[in-house]
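Here numbering that gives the first Met the number 0 is used: the first residue of the sequence shown is 0, the next is one more, and so on.
Where is the CB? At the ideal position from N, CA and C, for every residue including glycine.
None of the values given here were measured: they were computed from a predicted structure.
First up is the structure itself, then whatever we jot down about it.
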Amino acid sequence: MDARITKQRLANMLSYDWLKIIAAIAVAVLFICVFFTTVSTRPGTYQVFTVYGYRELFAGEAANGFVEELKEDGVFSYDILKAEQETFGTSQYADAAFTARRSVLEGTVMFTTTNRTDEDDPSATVIKELLGGENCPMALDLDVYFDDCKNYLIRFFGEDWEKGALDTAEAEACFLKRNGKDRRYRTDEKKAEGILQECERLEQLREDYLFVRKCMEEGTLPYVDVADEKDVVHHKAFALGKLAGLRSYYYYTETMTDEESNQETTVASSANVCLFFFRNDSDEGKSAENVENDLRYEPISFVRALVERFGA
């Protein structure tokens with residue numbers, strides 16, 4: 000048997016070993032990826048807060064990273080694991096993209112406008128084309144929504160919900176029902192931390208609800224009405240025209256004509272911008288004890304952030 004070490008045999012052996020090393024590295028990388036994908040917490044159905052901008056709206060400078068900043072600053076509760084934003088525009092693919100998102104119930108809130116879509120019909124507006132008639136259920140009825148939120152707060156704070164103490168036992172039960180099997184809370188210590196976070200979530204929701212309610216009563220956040228297929232009118236959106244700084248976040252353009260020079264200029268405006276909340280669950284009008292989506296009131300915190308950031 001010829002067992003001599005030759006240059007050719009040595010080269011073949013080293014080449015074969017390199018293949019084994021590369022294959023071993025590839026397997027190790029794949030294992031690490033699978034491991035971290037398995038152990039990491041993926042956002043659940045309601046744990047992503049998504050902001051959409053519709054049709055003629057443009058995202059301003061303030062939109063860059065805005066919702067991510069809100070998440071980092073604690074505007075959303077601890078259970079919102081991801082915050083994102085998308086503006087669809089008016090391209091030929093925009094409506095298809097929007098339809099695809101909504102087919103899987105993606106999207107939490109949407110900015111649109113009350114701009115007219117037909118100069119000969121004053122009642123034809125962007126929001127009415129979007130939410131009117133049979134499309135009305137796509138957005139939450141704000142009257143029902145805020146009543147639901149009040150009843151939800153009563154569940155945890157009692158009839159004197161505005162000033163009453165939090166029922167920590169009820170908060171704990173709520174937390175365990177929603178997050179009892181969450182990987183983030185495997186140990187008793189982590190569960191205790193989570194219960195404290197749940198108490199903070201509820202306290203913050205009460206503060207945000209009272210803030211937004213006051214804005215509504217003072218006229219800072221007037222309603223936008225939309226009729227359903229039976230011509231029943233519903234409060235479906237907030238008009239945001241009184242938030243003077245909003246155009247740095249979302250705006251549309253309009254052409255203004257100078258009466259003296261008859262010259263036209265294009266300006267950015269947010270006077271007709273409005274915001275509605277998507278209906279992504281079946282909890283509307285349910286008793287507080289039967290609510291399945293505890294995160295359905297996160298948009299209230301978002302609205303407060305809008306007023307505080309862009310209202311001056």
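With respect to the alpha helix (DSSP H) encompassing residue i, which residues constitute its N-terminal and C-terminal limits?
i	result
Met215	187-217
Asp142	141-156
Thr167	167-178
Ala304	297-309
Val66	65-71
I'd like to confirm the pairing. Which residues does DSSP put opposite residue i in its beta bridges?
i	result
Arg115	Thr124
Ser268	Tyr251
Leu274	Phe110, Phe237
Ala138	Phe277
Asp159	DSSP output for Asp159 lists no bridge partner at all.
Ala82	Phe48
Asp224	His234
Ala58	Tyr249
Gly132	Asp227
Is the beta carbon of residue j closer than 8 Å to that of residue i?
i	j	result
Leu239	Ile79	no
Tyr77	Arg200	yes
Val66	Phe87	no
Val223	Lys235	yes
Glu197	Phe174	yes
Asn114	Glu55	yes
Gln46	Lys81	yes
Val272	Thr112	yes
Leu141	Leu242	no
Tyr248	Leu129	no
Glu297	Phe75	yes
Phe237	Leu139	no
Val143	Gly284	yes
Gln84	Ala62	yes
Let's see if you can read the secondary structure: which residues bound the beta strand (DSSP E) around residue i?
i	result
Thr98	Per DSSP, Thr98 belongs to no beta strand (DSSP E); it is in the alpha helix (DSSP H), 93-102.
Glu259	Run containing Glu259: none; DSSP gives neither H nor E here.
Glu228	Taken as a continuous stretch (DSSP letters only), Glu228 belongs to no beta strand (DSSP E), as it is neither H nor E.
Tyr51	47-52
Sorted by chain position, which residues of the same chain lie with C-beta nearer than 7 Å to residue i's C-beta, five sequence neighbours on each side aside?
i	result
Ser268	Arg246, Tyr250, Tyr251, Glu253
Arg177	Asp293
Leu165	Phe155, Phe156, Cys198, Leu201, Glu202
Ala58	Gly52, Thr86, Tyr249
Ala96	Phe87
Gly218	none
Since residue i contacts residue j with CB under 8 Å, what's their CB separation in whole angstroms?
i	j	result
Val225	Ile126	6 Å
Phe309	Val108	With 8 Å as the limit, Phe309 and Val108 do not qualify as a contact, their Cβ atoms being about 15 Å apart.
Val290	Tyr151	6 Å
Arg278	Met137	6 Å
Phe110	Leu220	Not a contact, Cβ separation roughly 14 Å.
Suppose the cutoff is 6 Å on Cβ atoms and the five residues either side in sequence are ignored; what does the same chain contact list for residue i look like?
i	result
Thr256	Glu263
Thr37	Caution applies to Thr37, whose pLDDT of 42 falls short of 50 and renders its modelled position unreliable; the value that the coordinates give is listed next. Excluding residues within five positions, none has a Cβ falling inside 6 Å.
Asn292	Tyr45, Asp280, Asp282
Asp227	Cys135
Who are the near neighbours of residue i in its chain, counting only those whose CB is closer than 8 Å to its CB and skipping five residues on each side?
i	result
Ile153	Trp160, Ala287
Glu169	Arg154, Phe155
Leu209	Glu161
Glu171	Ile194, Glu197
Leu94	Note that residue 94 is Asp in the sequence shown, not Leu. Cβ within range, chain order: Phe87.
Thr124	Thr112, Thr113, Asn114, Arg115, Thr116
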